[in-house]
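Numbering (the working numbering), first residue to last: 8 to 374.
Have a look at this one:
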């Protein structure tokens, strides 16, 4: 059994959820696990199994709207970390991020052994400099592989899938009681923090009409600042509930847990759905590679043009007229994907329904 271990993932809720299997690997052998996250990942951090303590810090080199670097702020973080007396630290980053600034802060805080995936020469900042392939590795496998390099392989019996703490909030007051013999509802989550990853609202509204017309109950979810969007999607259709602005992350997990399927873009709730093992229709704009960021679940259907010439643009707002990678997806395609997933919902988990699964070899390499 190891001592006190700090795991850092300074991104948003979805990124923190994807780090969950690596956190569990550390927790299986550590006496205490502290998770260092940014404010956008605080809610997800509170849902992860294996976490004993959560520290929150807004990181100037990770946060998408970064604050200025201030000496007193960095000094304050160093003091907080030093007070934790961490024996080891695992820095989890995506391929486009450098772990070295945080490694310097951790070294100043007196952390004895630090590991991260790094291409740049780390000098004495890292004790374990992990090297990973440039392509083909999902974020979950990337984090697991880095944890294993520090001496924390995934323990026997852990399937390496996403998971959150239970019990979850009862969604019945929000979604209503399910009539006896009725099919589970379908969740539509039209929003995303990055505009270039959103399917158009008219498509979601048409999808709601198609689904209700085929006898499905529909629940529309969204953050507090997305209520105009969720209202536009829900309209006044019978059989549709608009939960825009009415759920925090834990309550949203409860809603997703009871759903038969979820339709969502490349955003945090896609990973939350995977964490509660609900099938996902992923309207995936290829601003980032699907092989790294698609929902980590065998029950998914990936829609959107992954081979378009501008794939990998990392754009926040699509610069191409008409947003062709997603606008070419028709509501009928999404309905077909939803009904395929609903039809297989009670079957044993198997290969992904659609293209783009994380390769078994990549997952095996992470163990």
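Backbone N, C-alpha and C fix where the C-beta goes; we use that ideal spot for every residue, glycine too.
Per-residue burial, residue i [other beta carbons within 10 Å of its own, 16 or more giving buried]
i: residue 41; result: buried
i: residue 103; result: exposed
i: residue 10; result: exposed
i: residue 355; result: For residue 355, the pLDDT reaches just 47, beneath the cut-off of 50, and the residue's location in the model is therefore unreliable, although a value from the coordinates is still provided. Under this definition residue 355 is an exposed residue.
i: residue 227; result: buried
i: residue 187; result: exposed
i: residue 76; result: exposed
i: residue 110; result: buried
i: residue 264; result: buried
i: residue 321; result: exposed
i: residue 222; result: exposed
Simplified DSSP state of residue i, which is helix, strand or coil
i: residue 137; result: strand
i: residue 330; result: coil
i: residue 249; result: strand
i: residue 36; result: coil
i: residue 10; result: strand
i: residue 118; result: coil
i: residue 170; result: coil
i: residue 16; result: strand
i: residue 289; result: strand
i: residue 196; result: strand
i: residue 97; result: strand
i: residue 318; result: coil
i: residue 272; result: strand
i: residue 307; result: strand
i: residue 63; result: strand
Proximal residues to residue i (C-beta, below 6 Å), its chain only, five neighbours per side dropped
i: residue 60; result: 41
i: residue 47; result: 19
i: residue 68; result: 108
i: residue 28; result: 147, 151, 167
Inter-residue spacing [alpha-carbon to alpha-carbon] between residue i and residue j
i: residue 179; j: residue 244; result: 20 Å
i: residue 133; j: residue 279; result: 32 Å
i: residue 208; j: residue 311; result: 15 Å
i: residue 54; j: residue 337; result: 35 Å
i: residue 211; j: residue 344; result: 14 Å
i: residue 341; j: residue 174; result: 31 Å
i: residue 285; j: residue 277; result: 10 Å
i: residue 254; j: residue 195; result: 14 Å
i: residue 270; j: residue 118; result: 42 Å
i: residue 58; j: residue 30; result: 7 Å
i: residue 327; j: residue 38; result: 51 Å
i: residue 230; j: residue 168; result: 26 Å
i: residue 335; j: residue 272; result: 14 Å
i: residue 459; j: residue 308; result: Examination of residue 459 is not possible in this model, given that the chain is present from 8 through 374 alone.
i: residue 171; j: residue 282; result: 6 Å
i: residue 94; j: residue 88; result: 11 Å
i: residue 49; j: residue 314; result: 34 Å
i: residue 144; j: residue 100; result: 13 Å
Contact set for residue i: own chain, Cβ-Cβ below 8 Å, skip 5 residues either direction
i: residue 177; result: 261
i: residue 126; result: 138
i: residue 296; result: 142, 318, 319
Member of the options whose CA lies at the smallest distance from the CA of residue i
i: residue 205; options: 274, 113, 85, 225; result: 274
i: residue 73; options: 95, 45, 56; result: 45
i: residue 324; options: 226, 302, 200, 227; result: 200
i: residue 252; options: 232, 264, 269; result: 232
i: residue 332; options: 235, 347, 346, 316; result: 316
i: residue 140; options: 130, 128, 153; result: 153
i: residue 82; options: 237, 114, 70, 51; result: 114
i: residue 258; options: 307, 182, 145; result: 182
i: residue 235; options: 198, 27, 146, 219; result: 198
i: residue 98; options: 15, 248, 215; result: 15
i: residue 216; options: 135, 164, 248, 305; result: 248
i: residue 157; options: 124, 237, 101; result: 124
i: residue 330; options: 122, 106, 203, 213; result: 203
Neighbourhood of residue i by C-beta, 7 Å cutoff - its chain only, sequence neighbours within 5 removed
i: residue 267; result: 190, 191, 192, 193, 349, 352
i: residue 91; result: 11, 13, 41
i: residue 246; result: 219, 224, 225
Chain D contact for residue i (CB, 7 Å cutoff)
i: residue 67; result: Included in the structure is just one protein chain, with no chain D present.
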